[in-house]
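Since the structure comes first, as structure tokens, the remarks are kept for the end.
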Ligand code: SF4
Ligand code: SF4
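Numbering (my numbering), first residue to last: 108 to 511.
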């Protein structure tokens, strides 16, 4: 028997009917030097070109389904840096997503009980909010029992929907009208970032509506290879698809990418910082000269959504001295749930990227990015001792916050 979370296993090898996708690779190797797992191991099979070759040979029946292919598939972070580097426009992300789902469906890989449970809960926002209440309260009290939990002060009970309604009634903005994707993990655990997003948008005269029918964007299911994406996408199409808005905005690059696929162009899905960049956001007063912000660029922003980065006028408006982090365009190793499924690789990728913070100039030092999963990963660099020098992790929207 199958459930909505467990699609039927495929009849043949993955991508047997998609050989044209696999054949689009011309083996040039331009993608190798941007691939974090190739850089880590120097192993051709652990590169985009190597994985594509394994999948193609299996799909063509020249290679048996074996544990080596399963292993090298599981090694991929899903950062999509190879897509940006590829001159032949190989749709690596689409191919990888198909293979990952088919491997889970055929029991060639197993996301494990905890991720399956989280996936089920994420599909039911109110249950997920309830399940995360203890973690939300611990964060609120400043107790951070897990290395991924960065400091913050989320509202325990009030939702972002209720908060946005209050603020809209008080300020009555008259500018562009946006619908806001609040997200499952963002709303249940990191909702202070959602509150800050609402404040910044309304301060910039943007009308914010939050459809209550919305749900998880499906990124979690993409990362784990679990089923159920179609139902989540259909729900979000119902929630967002017919709204009279200028855009749907997201404050998490991974969620924005996934929602964009669900809405498939019916309503433009915009990264909130990119949206604010076009408006020209209100500036915060100049901050302490000694403070320094290092900006990191999430993979799903630059390789997934194909944006050039976080707009300069947005970063200038924070009032901080800022600069791009060294290796800002490289993956941090979070990869959705990669840091749970492949902790050693993930830590090694992060170690290389975060090493600069040990000698970073600034007091305080702030690492700012625009994806909560990357924020969790960066916090683990501090909490697990990879970086000895104190630093705080912030979402860029929090640096624009009138209450920040
Ligand atoms: S998605 Fe990232 S980790 Fe995976 S093959 Fe491409 S560059 Fe390498
Ligand atoms: S850059 Fe593109 S075409 Fe070249 S080897 Fe990599 S995936 Fe294949």
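Every residue gets a Cβ at the ideal spot worked out from N, C-alpha and C, and that includes glycine. These figures come from a predicted structure and were not determined experimentally.
Candidates the options: closest to residue i by CA position
{"i": "residue 358", "options": "277, 274, 475", "result": "475"}
{"i": "residue 477", "options": "180, 404, 437", "result": "404"}
{"i": "residue 509", "options": "468, 463, 392", "result": "392"}
{"i": "residue 317", "options": "483, 305, 281", "result": "305"}
{"i": "residue 482", "options": "269, 446, 451, 191", "result": "446"}
{"i": "residue 290", "options": "360, 251, 310", "result": "360"}
{"i": "residue 229", "options": "296, 253, 282, 425", "result": "296"}
{"i": "residue 345", "options": "327, 354, 353, 319", "result": "319"}
{"i": "residue 122", "options": "402, 157, 150, 165", "result": "165"}
{"i": "residue 69", "options": "227, 194, 211, 415", "result": "Nothing about residue 69 can be reported from this structure: the residues present for the chain run from 108 to 511 only."}
{"i": "residue 141", "options": "422, 156, 170", "result": "156"}
Reduced DSSP category for residue i - H, G, I as helix; E, B as strand; rest coil
{"i": "residue 328", "result": "helix"}
{"i": "residue 314", "result": "strand"}
{"i": "residue 85", "result": "The first residue shown for the chain is 108 and the last is 511, placing residue 85 beyond what the model contains."}
{"i": "residue 507", "result": "coil"}
{"i": "residue 358", "result": "coil"}
{"i": "residue 114", "result": "Low confidence applies here, because residue 114 scores a pLDDT of 46, under 50, leaving its location unreliable; read the following figure in that light. In this structure, residue 114 counts as coil in the three-state DSSP scheme."}
{"i": "residue 285", "result": "strand"}
{"i": "residue 125", "result": "coil"}
{"i": "residue 377", "result": "strand"}
{"i": "residue 109", "result": "With a pLDDT of 36 at residue 109, under the threshold of 50, the modelled position of that residue is not reliable, and the figure given next carries that caveat. In this structure, residue 109 counts as coil in the three-state DSSP scheme."}
{"i": "residue 417", "result": "coil"}
{"i": "residue 135", "result": "coil"}
{"i": "residue 466", "result": "helix"}
{"i": "residue 275", "result": "helix"}
{"i": "residue 195", "result": "coil"}
{"i": "residue 154", "result": "coil"}
{"i": "residue 146", "result": "helix"}
{"i": "residue 346", "result": "helix"}
{"i": "residue 410", "result": "helix"}
Counterpart residues of residue i in DSSP-defined beta bridges
{"i": "residue 502", "result": "476"}
{"i": "residue 430", "result": "401"}
Cβ-based burial, residue i [other Cβ within 10 Å; buried from 16]
{"i": "residue 440", "result": "buried"}
{"i": "residue 190", "result": "buried"}
{"i": "residue 176", "result": "buried"}
{"i": "residue 244", "result": "exposed"}
{"i": "residue 408", "result": "buried"}
{"i": "residue 486", "result": "buried"}
{"i": "residue 340", "result": "buried"}
{"i": "residue 115", "result": "Residue confidence for residue 115 is low, a pLDDT of 49 falling below 50, so the modelled location carries little weight and cannot support an answer."}
{"i": "residue 237", "result": "exposed"}
{"i": "residue 108", "result": "Because residue 108 carries a pLDDT of 33, less than 50, the predicted location of this residue cannot be relied on, and the following value inherits that uncertainty. Under this definition residue 108 is an exposed residue."}
{"i": "residue 281", "result": "exposed"}
{"i": "residue 135", "result": "exposed"}
{"i": "residue 489", "result": "buried"}
{"i": "residue 363", "result": "buried"}
Beta carbon proximity, residue i to chain B, threshold 8 Å
{"i": "residue 382", "result": "Of the protein chains in this structure there is only one, and it is not chain B."}
Rounded distance between the beta-carbons of residue j and residue i, thought under 8 Å
{"i": "residue 180", "j": "residue 207", "result": "7 Å"}
{"i": "residue 418", "j": "residue 469", "result": "That pair is no contact at about 22 Å."}
{"i": "residue 303", "j": "residue 504", "result": "5 Å"}
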